[in-house]
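**Q** This is the structure I have questions about; it appears just below.
Residue numbers (the UniProt record's numbering): 1 to 279.
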């Protein structure tokens with residue numbers, strides 16, 4: 001197993017208005033940033049910094065100057081950033097936190113396209129005798145690809161993730177929940193509207209998370225409410241950005257924020273969720 005080159009966690013040095021963390025609550029954003037160029041990356045970072053979140057998990061991060069701008073801007077806003085590099089121009093996954101201590105776990109990776117699966121350990125509550133630790137894993141599943149490699153990378157990556165997720169809680173070694181979130185490029189089997197483009201093997205990938213003990217955070221809180229994070233050229237909505245949690249009891253809220261999509265910061269809505277583990 002080859003370890004991809006990793007970028008060390010970078011911590012912001014520029015003084016910014018204080019961010020107020022909430023004890024025993026973690027506010028997370030999952031957002032596909034649509035391989036933004038430097039100018040739009042800076043706009044995205046500013047918007048993220050203005051939201052009431054602690055952690056951002058960003059997918060489809062550009063491998064060029066857009067990523068550099070995004071990392072630098074988030075760092076300047078006071079985030080610690082983890083963003084492993086991949087081969088060539090392939091897209092990346094970025095995890096950023098402005099609370100606690102964000103620790104990269106480069107030893108936890110998929111056997112295919114490892115830079116598209118980023119595992120981190122977040123240390124919270126430093127004043128406690130036993131600090132709370134939470135696992136946050138970002139995923140970006142490939143799209144179907146060109147004709148020559150139609151579904152090759154998507155199938156291989158999905159299979160690698162399926163093999164990994166059962167072992168994740170033990171590998172990541174936290175005393176709190178493990179959250180897996182990102183753009184999975186798959187919808188749930190009962191998705192509305194019905195989308196014939198997805199095959200049984202893709203629905204099997206979605207089901208693999210519940211089989212491994214994870215809960216679809218959005219569907220847990222909204223059993224019958226349809227919502228979408230991306231819209232195709234025909235106007236049909238797709239719920240392809242997901243969050244799966246190892247403990248359903250800690251999921252307090254989970255919504256899709258359409259504002260960044262409507263304002264053309266990205267072609268995806270942002271997913272926001274709150275985890276709370278003490279009452």
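Yeah, the Cβ is synthetic: ideal placement off N, Cα and C, and Gly gets one too.
#1: Under a three-way DSSP split, which group does residue 168 fall into?
#2: Using a C-beta cutoff of 8 Å, does residue 210 count as contacting chain D?
#3: Does DSSP classify residue 261 as helix, strand or coil?
#4: When burial is assigned at 16 or more other CB atoms within 10 Å of the CB, is residue 201 buried or exposed?
#5: Helix, strand or coil for residue 79? Go by DSSP, reduced to three states.
#6: Determine the DSSP secondary structure at residue 201, reduced to helix, strand or coil.
#7: Judging by CA-CA distance, which residue of 45, 207 and 218 is the nearest neighbour of residue 265?
#8: Given this structure, state the Cα-to-Cα distance separating residue 274 from residue 111, to the nearest angstrom.
#9: If we call anything under 8 Å between Cβ atoms a contact, is residue 215 one with residue 254?
#10: So, is residue 185 buried or exposed, given that buried needs 16 or more other C-beta atoms within 10 angstroms?
#11: Find out if the Cβ-Cβ distance for the pair residue 38, residue 63 is shorter than 8 Å.
#12: Could you compute how far the alpha carbon of residue 197 sits from the alpha carbon of residue 140?
#13: Alpha carbon to alpha carbon, how far is residue 242 from residue 213?
#14: Alpha carbon to alpha carbon, what distance is there between residue 55 and residue 181?
#15: Go ahead and pull the three-state DSSP assignment for residue 58.
#16: Helix, strand or coil for residue 183 per DSSP?
#17: Would DSSP call residue 188 helix, strand or coil?
#18: What residue from 192, 250 and 221 has the CA that sits closest to residue 236's CA?
#19: Return helix, strand or coil for residue 46, following the three-state DSSP convention.
**A** Taking the coordinates as given:
#1: To locate residue 168, count along the chain shown from 1; it is residue 168. DSSP places residue 168 in helix when its eight states are reduced to three.
#2: No chain D is part of this structure, which consists of one protein chain only.
#3: Counted from its first residue, the chain shown places residue 261 at position 261. Looking at residue 261 - three-state DSSP - the assignment turns out to be helix.
#4: Indexing the chain shown from 1 puts residue 201 at position 201. Looking at its Cβ environment, which holds fewer than 16 other Cβ atoms inside 10 Å, residue 201 is exposed.
#5: The residue you call residue 79 lines up with position 79 of the chain shown. Correct three-state label for residue 79: coil.
#6: Locating residue 201 in the chain shown gives position 201, where the first residue counts as 1. In the structure shown, residue 201 sits in a helix (DSSP, three-state: H, G or I).
#7: To locate residue 265, count along the chain shown from 1; it is residue 265. Comparing Cα-Cα distances from residue 265 to each of 45, 207 and 218, the minimum goes to 45.
#8: Counting from one through the chain shown, the residue named residue 274 turns up at place 274. Counting from one through the chain shown, the residue named residue 111 turns up at place 111. Using only the alpha carbons, I get a separation of about 30 Å.
#9: Along the chain shown, one-based indexing puts residue 215 at 215. Along the chain shown, one-based indexing puts residue 254 at 254. The answer is no: Cβ separation not under 8 Å.
#10: Within the chain shown, numbered from 1, the residue matching residue 185 stands at position 185. The residue in question, residue 185, is buried, as its Cβ has 16 or more Cβ neighbours within 10 Å.
#11: If you number the chain shown from 1, residue 38 lands on position 38. If you number the chain shown from 1, residue 63 lands on position 63. For residue 38 and residue 63, no; Cβs fall outside 8 Å.
#12: Mapped onto the chain shown, residue 197 falls at position 197. Mapped onto the chain shown, residue 140 falls at position 140. Roughly 19 Å separates the two Cα atoms.
#13: Counting from 1 along the chain shown, the entry for residue 242 is found at position 242. Counting from 1 along the chain shown, the entry for residue 213 is found at position 213. Cα to Cα, the separation comes out at about 15 Å.
#14: Counting from 1 along the chain shown, the entry for residue 181 is found at position 181. Counting from 1 along the chain shown, the entry for residue 55 is found at position 55. Straight-line Cα distance between these residues: approximately 12 Å.
#15: Translated into the one-based positions of the chain shown, residue 58 becomes position 58. If DSSP states are grouped into helix, strand and coil, residue 58 belongs with the strands.
#16: One-based indexing of the chain shown puts residue 183 at position 183. Correct three-state label for residue 183: strand.
#17: Your numbering for residue 188 matches position 188 in the chain shown. Coil, per DSSP.
#18: In the chain shown, counting from the first residue as 1, residue 236 sits at position 236. Looking at the Cα atoms, 192 is the closest of the given residues.
#19: Numbered from its first residue, the chain shown carries residue 46 at position 46. The answer is helix: DSSP assigns residue 46 an H, G or I state.
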